[in-house]
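Chemist:
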Amino acid sequence: DTAVSQTPKYLVTQMGNDKSIKCEQNLGHDTMYWYKQDSKKFLKIMFSYNNKELIINETVPNRFSPKSPDKAHLNLHINSLELGDSAVYFCASSQDPSSYEQFFGPGTRLTVL
Amino acid sequence: GDSVTQMEGPVTLSEEAFLTINCTYTATGYPSLFWYVQYPGEGLQLLLKATKADDKGSNKGFEATYRKETTSFHLEKGSVQVSDSAVYFCALKKRDKIIFGKGTRLHILP
Numbered sequence: 820d821t822a823v824s825q826t827p828k829y830l831v832t833q834m835g836n837d838k839s840i841k842c843e844q845n846l847g848h849d850t851m852y853w854y855k856q857d858s859k860k861f862l863k864i865m866f867s868y869n870n871k872e873l874i875i876n877e878t879v880p881n882r883f884s885p886k887s888p889d890k891a892h893l894n895l896h897i898n899s900l901e902l903g904d905s906a907v908y909f910c911a912s913s914q915d916p917s918s919y920e921q922f923f924g925p926g927t928r929l930t931v932l
Numbered sequence: 347g348d349s350v351t352q353m354e355g356p357v358t359l360s361e362e363a364f365l366t367i368n369c370t371y372t373a374t375g376y377p378s379l380f381w382y383v384q385y386p387g388e389g390l391q392l393l394l395k396a397t398k399a400d401d402k403g404s405n406k407g408f409e410a411t412y413r414k415e416t417t418s419f420h421l422e423k424g425s426v427q428v429s430d431s432a433v434y435f436c437a438l439k440k441r442d443k444i445i446f447g448k449g450t451r452l453h454i455l456p
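Residue numbers (my numbering), protein chains in the order written: chain B, 820 to 932; chain E, 347 to 456.
And the structure:
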């Protein structure tokens with residue numbers, strides 16, 4: 820069983836479209852995260868949720884909106900996609916916000932044309 | 347602000363060579379330090395960690411020692427294998443956030 824899963828694995832879309840990426844974890848963790856990895860492999864946190872509550876919200880455009888329907892799921896919706904949004908988006912989870920280890924999903928490669 | 351700096355890649359070595367990937371950090375207080383590894387097409391995995399000064403983290407033949415005096419956490423392995431080819435990320439954790447370095451790509455040639 821995959822611990823942290825994301826769908827889709829690849830997403831190719833046109834500028835201006837709206838898209839969503841879904842994430843699920845079956846580890847029973849309380850905390851989930853979204854990271855963005857750019858073309859140079861630089862990995863930066865975007866959001867973190869603990870028990871469905873937002874606890875980290877980095878400087879991310881308002882076009883990005885996370886949603887956590889329950890503590891096993893954290894989805895990312897992106898409005899009005901731009902070329903600069905092209906990246907690999909990773910979901911991760913941890914037991915709680917203070918845990919040392921985060922478990923990452925396989926990533927979603929988003930390409931905006 | 348807090349940050350992590352690691353050596354630029356790619357690093358290319360022959361199998362059984364000695365590996366060092368340098369990492370230094372800037373942070374107030376006493377962060378925990380980590381190395382994560384990303385194999386091709388996969389997400390990151392925790393490789394090793396150290397939570398206080400002079401701690402040595404180790405896993406799969408890799409080691410790193412938390413040196414507060416030099417604010418460093420260099421990754422070492424005595425004899426690398428082709429299967430070690432991956433991107434390695436040094437990271438620190440303070441409060442609820444992990445801050446990653448920019449990653450170092452490692453290529454091991456057979």
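Here a beta-carbon is modelled for each residue, glycine too, at the ideal position from N, C-alpha and C.
#1: For Phe419(E), return the contacting residues in chain B, with the cut-off set at a CB-CB distance below 8 Å.
#2: Taking its Cβ as the centre, do 16 or more other Cβ atoms sit within 10 Å of Phe866(B), making it buried, or is it exposed?
#3: So, at 6 Å on beta carbons, what are the nonlocal neighbours of Pro888(B) in its own chain, with the 5 sequence-adjacent residues on each side left out?
#4: Let me check understanding here. Comparing Cα to Cα, which of Asp857(B), Leu893(B), Arg882(B), Asn869(B) lies closest to Leu900(B)?
#5: Would you grab the beta carbon distance between Lys855(B) and Ile897(B) for me? Rounded to a whole angstrom, and I think it's under 8 Å.
#6: State the CB to CB distance for the pair Gly389(E) and Gly924(B), rounded to an integer number of angstroms; the pair is presumed to be in contact (CB under 8 Å).
#7: Within a Cβ cutoff of 8 Å, which residues of the same chain sit near Glu877(B), ignoring the five residues on either side of it in sequence?
#8: To the nearest whole angstrom, what separates the beta carbons of Thr930(B) and Val831(B), a pair I think is in contact under 8 Å?
#9: Contact check, Tyr852(B) vs Gln921(B) under 8 Å by CB: the rounded distance?
#10: From Leu873(B) to Lys886(B), what distance separates their C-alpha atoms?
#11: Could you pull the start and end residues of the beta strand (DSSP E) that Gly407(E) belongs to?
#12: What is the rounded straight-line gap between the Cα of Thr927(B) and the Cα of Leu394(E)?
#13: CB of Thr370(E) to nearest heavy atom of the ligand SAH: below 7 Å?
#14: CB-CB under 7 Å to Lys890(B), same chain, minus the five flanking residues each way: which ones, in chain order?
#15: So Met353(E) is in the beta strand (DSSP E); what residue range does that whole segment cover?
#16: Alpha carbons only, please: which of His420(E), Thr416(E), Lys414(E), Thr397(E) is nearest the one belonging to Phe408(E)?
#17: Considering only C-alpha positions, which residue in the set Val426(E), Val428(E), Ala437(E), Asp430(E) is nearest to Tyr412(E)?
#18: Closest to Phe435(E) by C-alpha separation, out of Tyr382(E), Met353(E), Ser349(E), would be which residue?
#19: Return the residues of the stretch 376-401 of chain E that lie within a Cβ-Cβ distance of less than 9 Å from chain B, sorted by chain order.
#20: Under 8 Å Cβ to Cβ from Asn894(B), same chain only, skipping five residues before and after it: list those, please.
Modeler: This is what the structure holds:
#1: Here residue 419(E) refers to the residue found at position 73 when the second sequence is read from its first residue. None at all; the shortest Cβ gap to chain B is about 14 Å.
#2: In the first sequence, residue 866(B) corresponds to position 47, counting from 1. It is buried - the Cβ of Phe866(B) has at least 16 other Cβ atoms within 10 Å.
#3: For this step, residue 888(B) is matched to residue 69 along the first sequence. Closer than 6 Å at the Cβ level, and outside the excluded window around Pro888(B), lies no residue.
#4: As a first step, residue 900(B) must be located in the first sequence, where it is residue number 81. Checked all of Asp857(B), Leu893(B), Arg882(B), Asn869(B); the closest Cα to Leu900(B) is Arg882(B).
#5: Position 36 of the first sequence holds residue 855(B). Position 78 of the first sequence holds residue 897(B). Contact flag wrong, Cβ pair sits at about 11 Å.
#6: In the second sequence, counting from the first residue as 1, residue 389(E) sits at position 43. In the first sequence, counting from the first residue as 1, residue 924(B) sits at position 105. Contact holds; Cβ gap of about 5 Å.
#7: Here residue 877(B) is taken as the residue at index 58 of the first sequence, counted from 1. The residues are Lys863, Ile864, Met865, Phe866.
#8: To locate residue 930(B), count along the first sequence from 1; it is residue 111. To locate residue 831(B), count along the first sequence from 1; it is residue 12. 5 Å between Cβ atoms; contact.
#9: As a position in the first sequence, residue 852(B) is number 33, starting the count at 1. As a position in the first sequence, residue 921(B) is number 102, starting the count at 1. Right, their Cβ atoms sit about 7 Å apart.
#10: Residue mapping note: residue 873(B) aligns to position 54 of the first sequence, counting from 1. Residue mapping note: residue 886(B) aligns to position 67 of the first sequence, counting from 1. If I take the Cα positions, the gap works out to 9 Å.
#11: Walking along the second sequence from the start, residue 407(E) turns up at place 61. Here Gly407(E) belongs to no beta strand (DSSP E), and DSSP marks it neither H nor E.
#12: In the first sequence, the residue the question calls residue 927(B) occupies position 108. In the second sequence, the residue the question calls residue 394(E) occupies position 48. Each residue's Cα considered, the two are about 25 Å apart.
#13: With respect to the ligand SAH, the structure shown offers nothing to examine, as it has no ligands at all.
#14: On the first sequence, position 71 is the one that residue 890(B) refers to. For Lys890(B), where only same-chain residues beyond five positions count, the Cβ hits under 7 Å are Asp849, Asn870, Lys871.
#15: By 1-based counting over the second sequence, the position of residue 353(E) is 7. Careful: Met353(E) lies outside any beta strand (DSSP E) and carries neither H nor E.
#16: Here residue 408(E) refers to the residue found at position 62 when the second sequence is read from its first residue. The candidate whose alpha carbon is nearest that of Phe408(E) is His420(E).
#17: For the purposes of this step, residue 412(E) is identified with residue 66 of the second sequence, where counting begins at 1. Tyr412(E) has its Cα closest to that of Ala437(E), out of Val426(E), Val428(E), Ala437(E), Asp430(E).
#18: As a first step, residue 435(E) is located in the second sequence; it is residue number 89 there, counting from the start. Here the closest residue by C-alpha is Tyr382(E).
#19: Ser378, Phe380, Tyr382, Gln384, Gly387, Glu388, Gly389, Leu390, Gln391, Leu392, Lys395, Thr397
#20: Along the first sequence, read from residue 1 onward, the residue named residue 894(B) stands at position 75. Taken in chain order, the residues that qualify are Ser839, Ile840, Lys841, Cys842, Pro885, Lys886, Ser887, Pro888.
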